[in-house]
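Peer 1: So for the sequence shown, the numbering used here puts the first residue at 1; every next one is plus one.
Glycine is no exception: its CB is placed at the ideal position from the N, C-alpha and C atoms.
Please read these numbers as outputs of a predicted model, since none were measured by experiment.
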Amino acid sequence: MRQQFNDFLAAALGLLALVWLAAAPAAAQSQTPSQNRSGEPVDLELVLLADSTGSIDDREIFFQRRGYADAITDPDILSAIALGPDARIAVIYVEWGDQDSQEVVVPWTIIDGPDAAAGFAETLMAQPRKAFGRNAIGSAITFAHLLIESNSINGFRRVIDLSGDSANSWNGVPLEVARQAALDADIVINGLAILCRDCSGRPVYYDLEEAYRRDIIGGPAAFVVTADDMASFATAVRKKLLLEIAAVPDEASFYRRLAAAGGLARPGRTID
1 MRQQFNDFLA AALGLLALVW LAAAPAAAQS QTPSQNRSGE PVDLELVLLA DSTGSIDDRE
61 IFFQRRGYAD AITDPDILSA IALGPDARIA VIYVEWGDQD SQEVVVPWTI IDGPDAAAGF
121 AETLMAQPRK AFGRNAIGSA ITFAHLLIES NSINGFRRVI DLSGDSANSW NGVPLEVARQ
181 AALDADIVIN GLAILCRDCS GRPVYYDLEE AYRRDIIGGP AAFVVTADDM ASFATAVRKK
241 LLLEIAAVPD EASFYRRLAA AGGLARPGRT ID
């Protein structure tokens, strides 16, 4: 039954994207998203899709969550949010496993300052593990796509951010179908490839970053960030969020922008 639902959902989302593109006149497509969509305006709608498959043990689940909790409350991340035209973003945290297991851990939350960020982080760390099973990346992307299309938020940019230790999709909605439906709806897909070789169940000789580039990410300025081990995961998450929120190609560009806006770079950071 769930497989039939996933197949239907993938087809429906693809059809929805085609109908929308066909119906929208060229002039309207050239306008900003806030002119084309109703809802609460934000600079970014961001779905965080965190790997919760069988190769990720409970310790790693909460290590991942801690990385995101620390990143969303980081002063530089909050500065990046404040620099946007609307000075706020909308974020939802989802853990994904097999075709029957995509679970919202933290619902859509408007992040517009330290208090909202702290509330998001607190909720994230308080929840039990939500998802299990073998990789169903296509179903995870389809679920994220539906979360974006069905909310009451008007994001200037819309991004799905998928983290994982494999690019294989063993069941559920075909990855290529889910990916294309999201791209056709002007949703960017970024990735965080977890290369960690000292963690449970991960392949040793596998070019995961290249697989993410080839099969998963897509859209304007889409990118992959890698975490080489558990120690570097938090750093990778912070970098990824900074680039996504600030819409810049690298961290140096963000610090130049922050300085131009009258902000101060944090100690130990350079602006070149």
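#1: With distance defined between alpha-carbon atoms, name the residue in Gly113, Gly97 and Ser163 nearest to valine 173.
#2: Alpha carbons only, please: which of Asp250, Val237, Ser139 and Gly218 is nearest the one belonging to aspartate 228?
#3: Are the region 151-171 and the region 114-130 touching, with three or more C-beta to C-beta distances below 8 Å?
#4: What three-state label does DSSP hand proline 75 in the structure shown?
#5: For threonine 235 and glycine 133, what's the separation of their Cα atoms in angstroms?
#6: Expressed to the nearest angstrom, what Euclidean distance is found between the alpha-carbon atoms of phenylalanine 63 and alanine 167?
#7: Within the chosen definition, does the region 134-142 reach the region 174-184 through at least 3 CB pairs nearer than 8 Å?
#8: Is alanine 259 closer than 7 Å to threonine 226 when the C-beta atoms are compared?
#9: Between the C-alpha atoms of alanine 247 and proline 128, what's the straight-line distance to the nearest angstrom?
#10: How is the beta strand (DSSP E) around leucine 208 delimited, first residue to last?
#11: Would alanine 26 be called buried (16 or more neighbouring beta carbons within 10 Å of its own) or exposed?
Peer 2: With the structure as the only source:
#1: With respect to the C-alpha of valine 173, the residue from Gly113, Gly97 and Ser163 having the closest C-alpha is Gly97.
#2: Considering only Asp250, Val237, Ser139 and Gly218, the residue with the shortest C-alpha distance to aspartate 228 is Val237.
#3: With the rule of 3 Cβ pairs closer than 8 Å, the region 151-171 does not count as touching the region 114-130.
#4: Reduced to three states, the DSSP call for proline 75 is helix.
#5: Rounded to the nearest whole angstrom, the C-alpha separation of threonine 235 and glycine 133 is 27 Å.
#6: The alpha-carbon of phenylalanine 63 is positioned some 21 Å away from that of alanine 167.
#7: By the C-beta criterion, the region 134-142 is judged to be in contact with the region 174-184, since at least 3 inter-stretch pairs fall below 8 Å.
#8: No, the Cβ-Cβ distance between threonine 226 and alanine 259 is not below 7 Å.
#9: Separation of alanine 247 and proline 128 (C-alpha to C-alpha, rounded to the nearest whole angstrom) is 32 Å.
#10: For leucine 208, there is no enclosing beta strand (DSSP E); the residue is found in the alpha helix (DSSP H) stretching over 208-215.
#11: Confidence is the limiting factor: at alanine 26 the pLDDT is only 36, short of 50, which leaves the residue's position unreliable, though a coordinate-based value still follows. Residue environment for alanine 26: exposed (fewer than 16 other C-beta atoms within 10 angstroms of its C-beta).
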